[in-house]
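Protein chains: 2
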Amino acid sequence: MALNTESVVADFNLLTGLSKSKESTKRNLSRMKGMFHDDLSFDELVNSESDPLVYEFYELDIPQTAGDILFGTSIVYPGKVGGEYFMTKGHFHTILETGEVYYCLSGDGYMLMENPEGDWKIEKFEPGQAVYVPPRYAHRSINIGEQPLVTFFAFRADAGHDYGTIETKGYRKLVIEKDGKPEVIDNPKWK
Amino acid sequence: MALNTESVVADFNLLTGLSKSKESTKRNLSRMKGMFHDDLSFDELVNSESDPLVYEFYELDIPQTAGDILFGTSIVYPGKVGGEYFMTKGHFHTILETGEVYYCLSGDGYMLMENPEGDWKIEKFEPGQAVYVPPRYAHRSINIGEQPLVTFFAFRADAGHDYGTIETKGYRKLVIEKDGKPEVIDNPKWK
Ligand SMILES: [Mn+2]
Ligand SMILES: [Mn+2]
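As you go down the protein sequences, you meet chains A and B in turn.
First residue of the first sequence? That's 1 in UniProt numbering, and the numbers climb one at a time after it.
First residue of the second sequence? That's 1 in UniProt numbering, and the numbers climb one at a time after it.
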């Protein structure tokens, strides 16, 4: 009895992270209103550069049970909004007690994490570096380089995404360029 | 409150799969007695070539809870035993209803899968190809190329490994070289 159940396979280019067989979900800058600290620069960039693509990622059609694993790539493009690097929205998992691994395929950046208790941490992404996001931590990828930041991710398929908490409260910390280098500062807009 | 909990990060070279910071688990051929179909060739190779390294992989120190994810790389070296390609032992998960993703970083090979009901499937590994092993399927990586087969894997941290079933019963299918090409055949030793 061969091959009688459907297999899930997917191609993700090791350099670009892009798939030839799957469709990505795209997040243009206009979809991130209020998430960067400098609203004036945000508005300027959304209007002047025809709403640049900030990041894209893949959501595969895998059963969302506690025994399954969802996986794919995330690609954060290079860019800045008023000195703040392009990044993903960031999210908690709806099932808070679930972690996630990110393995960096190319690019240069950070994984910024914080939990509901206010603990936070930041880890470096570079090609070949894996970062584990422990359970309870919101996570956001930040591209500090000139090339796309490409990561392969995997997490429990029933974990779910809570974007609302970050959209409402913001992150406690943010990463901006200062004197040509990334610096972690307190988010002035954090509630 | 920064960085007050320990982070888990790990480097895995994108080409070789090897880590400079972590120690791998190694499987030399002598540890796989009875798993290849040709016992004579097996004995010859174990003795004559000083017990070659067949594969190695990483087991990270992550809490083994249902919400955590274990991850690492697996490296299967090129080689054959009596026409049968070098491969991993293969295993079921102790919690049978848990899946696993493998993302191929380099090399050329297959993922061979079978479930307790006797369904089986085989998927191709090549650089950039992700293969999802659904819950209930035993899984074994097979290197059919001339270079190491390197994959990045991730699964639920409490899944556990059942190697015994495969060691006792064997796989229903095996992959051997025939006329210079890989061919899937019934395993004559399967019980
Ligand atoms: Mn996540
Ligand atoms: Mn496994």
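The beta-carbon is built from N, C-alpha and C at its ideal position, and this holds for glycine as well.
Item                                                                                                                                                                         : Value
Any idea if A/R31 is buried or exposed, counting beta-carbon neighbours within 10 angstroms, 16 or more meaning buried?                                                      : exposed
Verify the contact flag: B/E56, CB atom, against every heavy atom of ligand 2, threshold strictly below 7 angstroms.                                                         : no
Give a single yes or no on whether B/F152 has its beta carbon closer than 7 angstroms to a heavy atom of ligand 2.                                                           : no
Output yes if chain D places a C-beta closer than 8 angstroms to the C-beta of B/P127; else output no.                                                                       : Absence of chain D from the displayed structure is noted, the protein chains being A and B.
Please report the residue range of the beta strand (DSSP E) in which B/K191 lies.                                                                                            : B/K191 -> no beta strand (DSSP E), and no H or E assigned at all.
Beta carbons nearer than 7 angstroms to chain B: which residues of the region 7-23 of chain A have them?                                                                     : S7, V8, V9, A10, D11, F12, N13, L14
Less than 8 angstroms between the beta carbons of B/P78 and B/Q129, yes or no?                                                                                               : no
Starting from A/F125, trace the beta strand (DSSP E) both ways and give me its first and last residue.                                                                       : 120-125
Should the region 8-22 of chain B be regarded as contacting the region 178-189 of chain A, the criterion being three or more beta carbon pairs within less than 8 angstroms? : no
Starting from B/K173, trace the beta strand (DSSP E) in both directions and tell me its first and last residue.                                                              : 173-178
Between the C-alpha atoms of B/E84 and A/Y110, what's the straight-line distance to the nearest angstrom?                                                                    : 43 angstroms
So if DSSP puts A/G72 in a beta bridge, which residue, or which two residues, is it bridged to?                                                                              : A/F153
Please tell me whether, using a cut-off of 7 angstroms, the distance from the CB of A/H91 to the nearest non-hydrogen atom of ligand 1 is below it.                          : yes
Flag B/P188 as yes if its beta-carbon sits less than 8 angstroms from any beta-carbon of chain A, otherwise no.                                                              : no
Is A/T98 close to chain B? Criterion is C-beta to C-beta, closer than 8 angstroms.                                                                                           : yes
Report back the beta-carbon spacing between B/V76 and B/N13 to the nearest angstrom; my notes put them in contact at under 8 angstroms.                                      : Actually they are not in contact, since the Cβ atoms of B/V76 and B/N13 sit about 15 angstroms apart, beyond 8 angstroms.
So, at 6 angstroms on beta carbons, what are the nonlocal neighbours of B/K121 in its own chain, with the 5 sequence-adjacent residues on each side left out?                : M113
Less than 8 angstroms between CB atoms is the rule here; does A/V46 satisfy it with respect to chain B?                                                                      : no
Comparing C-alpha positions only, which one of B/A159, B/E56, B/F36 sits nearest to B/S19?                                                                                   : B/E56
Closest by CA to B/A25, which one among B/H37, B/E44, B/G72?                                                                                                                 : At residue 25 of chain B the sequence reads Thr, which differs from the Ala that was named. Here the closest residue by C-alpha is B/G72.
Which same chain residues end up closer than 7 angstroms to B/G160 when comparing Cβ atoms and leaving out the 5 residues on each side of it in sequence?                    : H93, T94, I95
Could you check the C-alpha separation between A/N187 and A/V54 for me, to the nearest Å?                                                                                    : 20 angstroms
What would DSSP say about A/L112, mapped onto helix, strand or coil?                                                                                                         : strand
Distance check for A/F125 and A/I166, CA to CA, integer angstroms please.                                                                                                    : 22 angstroms
Would a check of beta-carbon distances place A/Y132 closer than 8 angstroms to chain B?                                                                                      : yes
Can you find a heavy atom of ligand 1 that lies under 7 angstroms from the Cβ of B/F71?                                                                                      : no
Quick one: Cα of B/Q64 to Cα of B/A157, how far?                                                                                                                             : 5 angstroms
The beta strand (DSSP E) spanning A/S106 covers which residue range?                                                                                                         : 100-106
When we look at the beta-carbon of B/P116 and count the other beta-carbons within 10 Å, is it buried (16 or more) or exposed?                                                : exposed
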